[in-house]
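Going down the list, the protein sequences come from chains A and B. For the record, in the first sequence the residue sitting at position 52 is 51 according to numbering that gives the first Met the number 0, with numbers rising by one throughout. For the record, in the second sequence the residue sitting at position 125 is 124 according to numbering that gives the first Met the number 0, with numbers rising by one throughout.
There are 2 protein chains.
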Amino acid sequence: MKDILYKYLSRWTSLGEEDQQAIVNEIRVEKLDKGAVLFKQGDVPAACYFILEGCVRQYAIDEDGREVTTNFYTEEQAIAIFNHHKSDKSSEYTFVCVEDSVLVVGDLDQEKDMYDKHPQLEFMTRRMMEENFSKVQAEFAAFIASSPEARVKTLLANRPSLFDRVPQHQLASYLGITPESLSRIKKRIG
Amino acid sequence: MKDILYKYLSRWTSLGEEDQQAIVNEIRVEKLDKGAVLFKQGDVPAACYFILEGCVRQYAIDEDGREVTTNFYTEEQAIAIFNHHKSDKSSEYTFVCVEDSVLVVGDLDQEKDMYDKHPQLEFMTRRMMEENFSKVQAEFAAFIASSPEARVKTLLANRPSLFDRVPQHQLASYLGITPESLSRIKKRIG
DNA sequence: TCCGCGCATTGACTTAAGTCAATGGAGATC
DNA sequence: GATCTCCATTGACTTAAGTCAATGCGCGGA
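Here you go:
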């Protein structure tokens, strides 16, 4: 299981094996059941997460009471960017496990300690953040420019496993369409 | 003009007046004409920017040759997040002035020097990045969840000045709709 | 094992946005 | 000042997605 972590550390840092082991040994890994909530919209997050196995859905309830799914995190993805800019630092999103999942959990109040002990971690965090940011920007651009049908095709091409792992109506919400439309589009392009 | 900068520094750092002046004096401010290009899609950006006055449009040409506008930057906004994650660090977007503009230009190869001299700047940069990230995420979520008409209403509410400053067909592209639809929606909700 | 609920699918209909085409106005150029 | 070009608007028509409603399958709980 932890080999995923080693792979990730190697990709993003130039740490030696001993340092990597030191980090991995300090790390808390938790197993969460399907339906488990990492934290809720309005909560102040106490930890950041890195997915070793499973799938986490990010969603918000908007002003009209509708549930909007804004992301799915799967293996090797980090949930680490929150609303630092909001004065109360509360989350605008709820994060919930779509499947039984195994996550690295990093307590935010130990963040500084970890960075002091392992300076390269801070660099890695920055890089992950930049990568995530670029990705979200690119996805946003693609979303703006494409029709619902094109969006479904893109998602099928880029993350086909989501269609097996995630309920259709949540996928539809993530794609900005109704479940009925998603069903019809799938039939049309199937 | 530079009072905008002071305001911004005060908001984001706890620097004393002397330090602020030191920073502001080191800074390069440039006046650019409407139509001037900061850098093009495919270029490796040499600088980051902060808008004191004017308006910059961010766009990309997609695979089908269509121009997709992905953002408009106006007063007090920073253009500072690039594709650090791409191996060649080239930009996926072109940035062009929609109006005559006045920008702070920060050479990226002097970035480290500036951070060494003024450590708080690095903190400020991180914060700006986090804020931008949260904002893009929130905008994305809102975009997913709303119809073209609702998106127009939201933009009218949040950034009404764009409708005066920016050509309609570019706004339409930014909103993910055709210029014809934008025209009709405006008439409908006007 | 059986029952019940949630959810995916399908159908009929409505509606809003896309497409194609024409018009007309404002600003730029000479 | 006249012309040209670009672009916003408007119209007619097409199409795809939304809405409302019914059905039926599958999964989980008792």
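Ideal Cβ placement from N, Cα and C applies to all residues, glycine included.
The contact set of R56/B on chain A, defined by CB atoms closer than 7 Å, is empty, because the minimum CB distance reaches about 13 Å. Scanning the stretch 41-84 of chain A from its first residue to its last, the whole beta strand (DSSP E) runs of 3-plus residues come out as 46-52, 55-60 and 66-72.
If you compare the alpha carbons of E129/B, R164/B and L154/B with that of W11/B, the shortest gap goes to E129/B. DSSP lists V101/B as the bridge partner or partners of K30/B. Ranked by Cα distance from V97/B, the first of L154/B, K30/B and S145/B is K30/B.
Contact annotation: the stretch 12-21 of chain B does not touch the stretch 47-56 of chain B, with fewer than three C-beta pairs closer than 8 Å. Around the beta carbon of P118/B, a 10 Å sphere encloses fewer than 16 other beta carbons of the protein chains shown; the residue is thus reported as exposed. Excluding its 5 nearest sequence neighbours in each direction, M127/A has C-beta neighbours in its own chain below 8 Å: W11, A77 and A79, listed in chain order. The C-alpha of L170/B is placed about 14 Å away from the C-alpha of N157/B. Taking a Cβ-Cβ threshold of 8 Å, the residues of chain A close to A59/B are A140, in chain order. Of L155/A, K1/A and S172/A, the smallest CA-CA separation from V28/A is found for K1/A.
Listed in chain order, the non-local C-beta contacts of Y173/B below 6 Å within the same chain comprise T68, local neighbours out to five positions each way being set aside.
When I176/B, P178/B, K6/B and L37/B are compared, the shortest CA-CA separation from G105/B is found for L37/B. Secondary structure of V23/B (DSSP, three-state): helix.
With a contact defined as Cβ atoms closer than 8 Å, G34/B and V95/B qualify at about 7 Å. Taken atom to atom, the span from the alpha-carbon of V103/B to that of Y48/B is near 5 Å.
Looking from the CA of Y72/A, the closest CA among E66/A, R125/A, I184/A and K134/A belongs to K134/A. Judged by their CB atoms, I50/A and E66/A are not nearer to each other than the 8 Å cut-off.
For the 8 Å CB-CB criterion, Y92/B and Q136/B do not form a contact. Put simply, of S180/B, G175/B and R187/B the residue whose alpha carbon is nearest the alpha carbon of S146/A is G175/B.
Listed along chain B, the residues sitting closer than 9 Å to R65/A by beta-carbon distance are A144. Between I80/A and chain B, the shortest Cβ-Cβ separation is below 8 Å. Residue state for D87/A is assigned as coil, using DSSP reduced to three classes. It is roughly 17 Å from the alpha-carbon of S9/B to the alpha-carbon of E25/B.
Taking a Cβ-Cβ cut-off of 8 Å, the neighbours of T69/A in chain B comprise Q136, F139, A140 and I143, given in sequence order. Assigned with DSSP and collapsed to three states, L14/B falls in coil, not helix or strand. Using a CB distance cut-off of 8 Å, E129/B counts as an interface residue toward chain A.
Judged by their CB atoms, P44/A and S90/A are nearer to each other than the 8 Å cut-off. Between D99/A and D163/A, the gap from beta carbon to beta carbon reaches 8 Å or more.
Judged by beta-carbon spacing, I188/B lies beyond the 8 Å limit of V165/B, meaning their Cβ atoms are not closer than that value. The criterion of a C-beta distance shorter than 8 Å is not satisfied by E138/A and I184/A.
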